[in-house]
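Peer 1: Chains as they are written, first to last, in the working numbering: chain A, 33 to 156; chain B, 33 to 156; chain C, 3 to 401; chain D, 3 to 401. Can you keep this structure in mind? I'll have questions shortly.
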Amino acid sequence: MYSQKVMEHFMNPKNVGEIPDADGIGIEGNPVCGDMMYLFIKVKDDRIEDIKFKTFGCAAAIAVSSILTEMVKGKSLQEALSLTKEDILREIGGLPSQKVHCSVLGIEALRKAIDDFKAKKGAK
Amino acid sequence: MYSQKVMEHFMNPKNVGEIPDADGIGIEGNPVCGDMMYLFIKVKDDRIEDIKFKTFGCAAAIAVSSILTEMVKGKSLQEALSLTKEDILREIGGLPSQKVHCSVLGIEALRKAIDDFKAKKGAK
Amino acid sequence: MREVYLDNMATTLLDERVLEKMWPYFRENFANALSPYPMGVKAREAVELAREEVAKLIGASPSELIFTSGGTEANNFALRGLAYANRKKGNHIIVSAVEHHSITNPARALEKEGFEVTFVPVDRYGVIDLNFLERALREETILISIQLANPEVGTIQPIEEVVKLASKVGAVVHTDCVAAIGRMEVKVDKLGVHSLSLSAHIFYGPKGAGALYVKRGVRIQPLIYGGIQEGGRRGGTENVPAIVGLGEAARLVRENLPQWKSHLSDLSMKLIKNLQEKVEHLHLTGHPEKRLPGHASFIVEFIEGEALLLMLAHRGIYVSSGSTCTSKALKASPVLSAMGYPAHLIQGSILMALSKYNNEEDIDYVVSEFPQVVSRLRELSPFKEGWKDMDKWGACAPH
Amino acid sequence: MREVYLDNMATTLLDERVLEKMWPYFRENFANALSPYPMGVKAREAVELAREEVAKLIGASPSELIFTSGGTEANNFALRGLAYANRKKGNHIIVSAVEHHSITNPARALEKEGFEVTFVPVDRYGVIDLNFLERALREETILISIQLANPEVGTIQPIEEVVKLASKVGAVVHTDCVAAIGRMEVKVDKLGVHSLSLSAHIFYGPKGAGALYVKRGVRIQPLIYGGIQEGGRRGGTENVPAIVGLGEAARLVRENLPQWKSHLSDLSMKLIKNLQEKVEHLHLTGHPEKRLPGHASFIVEFIEGEALLLMLAHRGIYVSSGSTCTSKALKASPVLSAMGYPAHLIQGSILMALSKYNNEEDIDYVVSEFPQVVSRLRELSPFKEGWKDMDKWGACAPH
Ligand SMILES: Cc1ncc(COP(=O)(O)O)c(C=O)c1O
Ligand SMILES: Cc1ncc(COP(=O)(O)O)c(C=O)c1O
């Protein structure tokens, strides 16, 4: 069902945790539906210096969280914003059709985290 | 499905044939339905001296024909007339329910043969 | 004693290779094909591989196949499912007079539920009357079900013609291919049908697995509702070993059909020719040319089929008959009746359906034994010299 | 690595002895059970022996049993067959809110065909509301279908009470016993039901064989029409190996149930007790006492069931879950919903259904691994410390 890569990231997810003084937080999903992602980013010079996640959800949701954090860590905000669900699916070796929405979840959480960072920065 | 005895009589039926100068002939059944029996009897001193059959039909019909001829050969007409389908079924080791009618066929053919003999005798 | 199994329209001997493929799914990997852990995923993959094999065999796409418990379920599913899915368009159904029980009986049930069913007559070879069919077509005709090949007499029907006629009124065409698969080429695009049924145990696969092909875009109502198995169109825990067996049996047909076909037709031609030479008052039933390879069906006059069958079985030859006494329903073959044979002749019907396992020696054995058995039974028959007094006997009341 | 299969409500490992009994009917004796020659007669005898075994198991008479392709077909058959056979008396059907798909989905189909269906609610333990049921009864109520035991939460229903209530309006009672057979005593006279379904693969028998008990005198309309198999009530070439396997599986249940039951309940009691001690925020679902022996179902808070299931599978422990993600239909368990659990809790549902093959060491292994896996997933969960912001999230739209 799941690719080798999905299972690896699910069993040994990278960048798990919270960033207490995060510059931006993105929350996406709904525990009522089964998938919920919290992304925490630390931004320096418009680059994602650090990123961590906490995810409630299925193996796909956890694996997407993990791979997404790896893909954008160290990237500029602009690069991060250009990430698509197809990029994630490619990187992760595909997902079963009924799980594709998990990749969307990751993209959305990331966008929200960056939006949150921008809003906070703007407010300063 | 069939008892050993039925199969024996079917494979090696006794008293097969016709009696050209039969004293009585009993015809019962209907080839349209699948079973048809011809019984020929030779009567002497109110006893069935000889009996032969020709049967178109299934294994049960042939076996019943054979065993019936054995059962009544040498018997008085009265004894023959008192034969029931249960007697035949007992002797033959039973028949599957959908084949019980074959035993009735035998009884009826025998009755008709005896009736025919009586009618011919009366006519003389 | 030699044993020659010729009852291959009733069921066939499972191919060893098929059983070998099924084997791991009985105990080694017994999981439910919906379970998400590896053992379940493997079962799922095996099921989908089987679906691909069946699809390849008939030239369909895997998503057009629905697994069923066999041919009977597939036919019931097609009849009811297509009838009800098209109920709004009309209520008229056409089936042939020589369909299998698993078509005629659901058709009769639909009749009681407000559908109108027309039975298309056949000629003496069992071929459907296309003119009648054409005249029977109406605006409200929604479904036509005609078998590709008849199991009792081997006759092959002109399905392409049926499809052409059906398209005039937009009716959906189902074809029962249970008897055909494994014996002749069956491709959905060539036939042009909307729906097609098959059953593994007739082509060296296991009992308990069949499939219904439903052309993409054709709507069908489920017969057996359950979970999301088979795209929600057929519920129930998948019978993984049987489905795997169906897939492998389909693969074997795809790879071997040309050889099997010529082997079967060589043997049956030899059988038919020899028996016709050796036995008098023997009539081939079904179409002399447009028939399934390996299919030899006859009427043997003056004797009854069950007796013939059992005496042959005693010599190791296994066949079937359409006689009243052989049928557990005690009804003479409706197929032969529809072809115009009078009941007393139908009593002597016999079917020898060959398989890929049969060989020349089998045929030689049958050719040497069969005439003896017929003679023996004719010795017992009051009609040995010919039918007599036939006017005396009326119709037969049901027992 | 140790492997502990606990997904026994999805399917069970075929008993070796059952497979051994089935074996000869795959190739050695493969004949059609309707064929009149010796090989066919032997197949017939094997089928009828199996029927007797199933009859003995549930205290029925063999003629009251109809073989089917499994539990789903048997349930569909019961619902449609009994509904239509009683259509003249009325059109009202009652089923519980926690029935298997193979009951609720045909019930919904009947709704579209003019029947009226009432769903009986359950309490938080999954027990049906008898008062509601009583009030729902009407003159036109023809059929009530309530499962004997629920496969997801193990709860056993008060069927005897249902039968008593049903008799007031003369409704027929069907009970789905697929989850119950092999785990608790099931006798038709004690239950008093008119109809009962079972499926071999849930009690160490093969996939592809089930049965419907229909009490003598109760009329039922066929679902699958064909020849004269099963007394004309279910057509199709009989799946002899599977039916033989069903018979042997039934025999094994009859002979071993007392031991199996106590073994199962010892193990599941130990499992439930230990997990409850070791894992916080773990809730037993279903009735604490009136539940199937060997059945342990929980809600594990703050984590999602599919992830839990897959991480357990990685350690050789195979379970199932009612979470949205596990369900291929992407729908959270309707059973747990009906019991009042909110959707976010249902996401963490997990089912460990034991079998006769499990032993103490299996339980020890699960008790040692399960808490670790739960901790690991809670580490990843934003809700590790508890549900938060729950008011923010509305209902879940279908994906
Ligand atoms: C033409 C035809 N249709 C349908 C069937 C029924 O298939 P099954 O035996 O798989 O139920 C048969 C069975 O022999 C058949 O010959
Ligand atoms: C309670 C219940 N009913 C019906 C079924 C369906 O039975 P089958 O899988 O044999 O189709 C199941 C299957 O697990 C079940 O648990």
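No residue lacks a Cβ here, since even glycine has one placed at the ideal position from N, Cα and C. It should be emphasised that the depicted structure is a prediction, and the values quoted were computed from it without experimental measurement.
So is the beta-carbon of C:H283 under 8 Å away from any non-hydrogen atom of ligand 2?
Peer 2: For the purposes of this step, residue 283 of chain C is identified with residue 281 of the third sequence, where counting begins at 1. Answer for C:H283: no, Cβ out of range of ligand 2.
Peer 1: Less than 9 Å between CB atoms is the rule here; does B:D67 satisfy it with respect to chain C?
Peer 2: As a first step, residue 67 of chain B must be located in the second sequence, where it is residue number 35. So yes, B:D67 belongs to the interface.
Peer 1: Would you say B:M33 reaches chain D, if we count a Cβ-Cβ gap shorter than 9 Å as a contact?
Peer 2: Locating residue 33 of chain B in the second sequence gives position 1, where the first residue counts as 1. Yes, B:M33 lies at the interface with chain D (some Cβ there is under 9 Å from its Cβ).
Peer 1: Verify the CB distance criterion: does D:G229 have a CB-CB separation below 9 Å to chain C?
Peer 2: For the purposes of this step, residue 229 of chain D is identified with residue 227 of the fourth sequence, where counting begins at 1. Yes, D:G229 counts as interfacial toward chain C.
Peer 1: For chain A, check one thing: does any of its Cβ atoms lie closer than 9 Å to the Cβ of D:H401?
Peer 2: Here residue 401 of chain D is taken as the residue at index 399 of the fourth sequence, counted from 1. For D:H401, the predicted model reports a pLDDT of 49, less than 50, meaning its position is unreliable and no value from the coordinates is stated.
Peer 1: To the nearest angstrom, how far is it from the Cα of A:M94 to the Cα of D:P384?
Peer 2: As a working note, residue 94 of chain A is residue 62 in the first sequence. As a working note, residue 384 of chain D is residue 382 in the fourth sequence. A quick correction: the sequence has Ile, not Met, at residue 94 of chain A. Looking at the two C-alpha atoms, the distance is approximately 12 Å.
Peer 1: Please return the same chain residues whose Cβ sits closer than 6 Å to the Cβ of D:N107, not counting the five positions on each side in sequence.
Peer 2: Taking the fourth sequence and counting its residues from 1, one reaches residue 107 of chain D at position 105. For D:N107, where only same-chain residues beyond five positions count, there are no Cβ hits under 6 Å.
Peer 1: Anything in chain A within Cβ reach of C:P64, meaning under 8 Å, just list it in chain order.
Peer 2: What you label residue 64 of chain C is simply residue 62 of the third sequence in a count that begins at 1. Here the premise fails: no neighbours, minimum Cβ distance about 15 Å.
Peer 1: Give me the pocket residues for ligand 1, defined as CB within less than 5 Å of any heavy atom, sorted by chain position.
Peer 2: Cβ-based neighbours of ligand 1 within the cut-off: C:G72, C:G73, C:T74, C:H102, C:S104, C:P153, C:D178, C:V180, C:A181, C:S201, D:G238, D:T239.
Peer 1: Please confirm whether D:Y359 has its beta-carbon closer than 9 Å to some beta-carbon of chain C.
Peer 2: Working through the fourth sequence from its first residue, we reach residue 359 of chain D at position 357. No - not a single Cβ of chain C is within 9 Å of the one on D:Y359.
Peer 1: Three Cβ pairs or more, each shorter than 8 Å: is that satisfied between the stretch 47-65 of chain D and the stretch 78-88 of chain D?
Peer 2: Taking 8 Å as the limit for Cβ pairs, the verdict is that the stretch 78-88 of chain D does not touch the stretch 47-65 of chain D.
Peer 1: Count the CB pairs spanning the stretch 100-111 of chain A and the stretch 314-327 of chain D that are closer than 8 Å, and state whether there are at least three.
Peer 2: With the cut-off at 8 Å, the stretch 100-111 of chain A and the stretch 314-327 of chain D do not touch.
Peer 1: Could you spell out where the alpha helix (DSSP H) holding D:I95 opens and where it closes?
Peer 2: Taking the fourth sequence and counting its residues from 1, one reaches residue 95 of chain D at position 93. No alpha helix (DSSP H) holds D:I95; the beta strand (DSSP E) holding it covers 94-98.
Peer 1: Are C:H102 and C:V180 close, meaning C-beta to C-beta below 9 Å?
Peer 2: Taking the first residue of the third sequence as 1, we reach residue 102 of chain C at position 100. Taking the first residue of the third sequence as 1, we reach residue 180 of chain C at position 178. Yes. Within cutoff.
Peer 1: Inspect the beta-carbon positions of C:A52 and C:L248 and report whether they are closer than 9 Å.
Peer 2: Here residue 52 of chain C refers to the residue found at position 50 when the third sequence is read from its first residue. Here residue 248 of chain C refers to the residue found at position 246 when the third sequence is read from its first residue. Contact flag set, yes.
Peer 1: In three-state terms, what does DSSP make of B:G61?
Peer 2: Within the second sequence, residue 61 of chain B is the residue found at index 29, counting from 1. Correct three-state label for B:G61: strand.
Peer 1: Could you pull out every unbroken beta strand (DSSP E) segment of at least 3 residues lying fully inside the stretch 348-387 of chain D, listed in chain order?
Peer 2: Listed in chain order, they are 351-355.
Peer 1: For D:N78, which option in C:E303, C:E113, C:G229 has the closest C-alpha, if you only look at C-alpha atoms?
Peer 2: Position 76 of the fourth sequence, counted from the first residue, corresponds to residue 78 of chain D. Closest by alpha carbon: C:G229.
Peer 1: Within the chosen definition, does the stretch 156-171 of chain D reach the stretch 190-203 of chain D through at least 3 CB pairs nearer than 8 Å?
Peer 2: At 8 Å Cβ cutoff, the stretches touch.
Peer 1: For the stretch 15-41 of chain D, enumerate the residues whose C-beta is nearer than 8 Å to any C-beta of chain B, in chain order.
Peer 2: Hits within the stretch, in order: P38.
Peer 1: Just curious, the alpha helix (DSSP H) that C:H283 is in, first and last residue?
Peer 2: To locate residue 283 of chain C, count along the third sequence from 1; it is residue 281. Careful: C:H283 lies outside any alpha helix (DSSP H) and carries neither H nor E.
Peer 1: Between the alpha carbons of C:A111 and C:I158, how many angstroms are there, rounded?
Peer 2: The count along the third sequence starts at 1 and reaches residue 111 of chain C at position 109. The count along the third sequence starts at 1 and reaches residue 158 of chain C at position 156. Those two C-alpha atoms are separated by around 26 Å.
Peer 1: Taking the alpha-carbon positions, what's the C:L329 to C:A397 distance?
Peer 2: Translated into the one-based positions of the third sequence, residue 329 of chain C becomes position 327. Translated into the one-based positions of the third sequence, residue 397 of chain C becomes position 395. The question names Leu, yet the displayed sequence has Ser at residue 329 of chain C. Cα to Cα, C:S329 sits roughly 18 Å from C:A397.
Peer 1: CB-CB under 6 Å to D:E5, same chain, minus the five flanking residues each way: which ones, in chain order?
Peer 2: Residue mapping note: residue 5 of chain D aligns to position 3 of the fourth sequence, counting from 1. Hits under 6 Å: G318.
Peer 1: Which word fits D:E381, buried or exposed, when buried means at least 16 other C-beta atoms lie within 10 angstroms of its C-beta?
Peer 2: Working through the fourth sequence from its first residue, we reach residue 381 of chain D at position 379. Per the 10 Å Cβ criterion, exposed.
Peer 1: Take C:V49 and list the residues in its own chain whose beta-carbon comes closer than 7 Å to its own, dropping the five residues that flank it on each side.
Peer 2: As a first step, residue 49 of chain C is located in the third sequence; it is residue number 47 there, counting from the start. The answer, listed in chain order, is A35, E240, V242, I245.
Peer 1: Could you check the C-alpha separation between D:V369 and C:V220 for me, to the nearest Å?
Peer 2: Indexing the fourth sequence from 1 puts residue 369 of chain D at position 367. Indexing the third sequence from 1 puts residue 220 of chain C at position 218. Answer to the nearest angstrom: the Cα atoms are 51 Å apart.
Peer 1: So, helix, strand or coil for C:G212, using DSSP?
Peer 2: Here the question's residue 212 of chain C lines up with position 210 in the third sequence. Residue state, collapsed to three classes: strand.
Peer 1: For D:A173 versus D:I96, is the C-beta spacing smaller than 9 Å?
Peer 2: Within the fourth sequence, numbered from 1, the residue matching residue 173 of chain D stands at position 171. Within the fourth sequence, numbered from 1, the residue matching residue 96 of chain D stands at position 94. In contact: D:A173 and D:I96 (Cβ atoms closer than 9 Å).
Peer 1: For B:G56, list the residues DSSP reports as bridge partners.
Peer 2: Indexing the second sequence from 1 puts residue 56 of chain B at position 24. According to DSSP, B:G56 bridges with B:I73.
Peer 1: Can you pull out the residues from the stretch 380-396 of chain C whose beta carbon lies closer than 9 Å to at least one beta carbon of chain B?
Peer 2: The stretch 380-396 of chain C vs chain B, Cβ under 9 Å: E381, L382, S383, P384, F385, K386, W389, D391, M392, K394, W395, G396.
Peer 1: Since D:G237 meets chain C, which of its residues come closer than 8 Å, beta carbon to beta carbon?
Peer 2: Start at 1 with the first residue of the fourth sequence, and residue 237 of chain D comes out as number 235. Those within 8 Å of D:G237 in chain C are T74, N78, H103, S104, N107.
Peer 1: I need the straight-line Cα distance from C:H401 to B:G138, nearest angstrom please.
Peer 2: For this step, residue 401 of chain C is matched to residue 399 along the third sequence. For this step, residue 138 of chain B is matched to residue 106 along the second sequence. Any answer about C:H401 is weak, because its pLDDT of 49 lies below 50 and its placement is not dependable; what the coordinates show is given next. Their Cα atoms are separated by approximately 16 Å.
Peer 1: Taking the straight line between their C-alpha atoms, what separation do you get for C:V164 and C:T120?
Peer 2: Residue 164 of chain C sits at position 162 when you count from the first residue of the third sequence. Residue 120 of chain C sits at position 118 when you count from the first residue of the third sequence. Going by the C-alpha atoms only, they are around 14 Å apart.
Peer 1: Mapping the DSSP letters down to three states, classify C:A182 as helix, strand or coil.
Peer 2: Indexing the third sequence from 1 puts residue 182 of chain C at position 180. Three-state DSSP puts C:A182 in coil, outside helix and strand.
Peer 1: Just verifying my parser: in three-state terms, what is the DSSP assignment at A:K84?
Peer 2: Reading the first sequence from its first residue, position 52 is the one you call residue 84 of chain A. Residue state, collapsed to three classes: strand.
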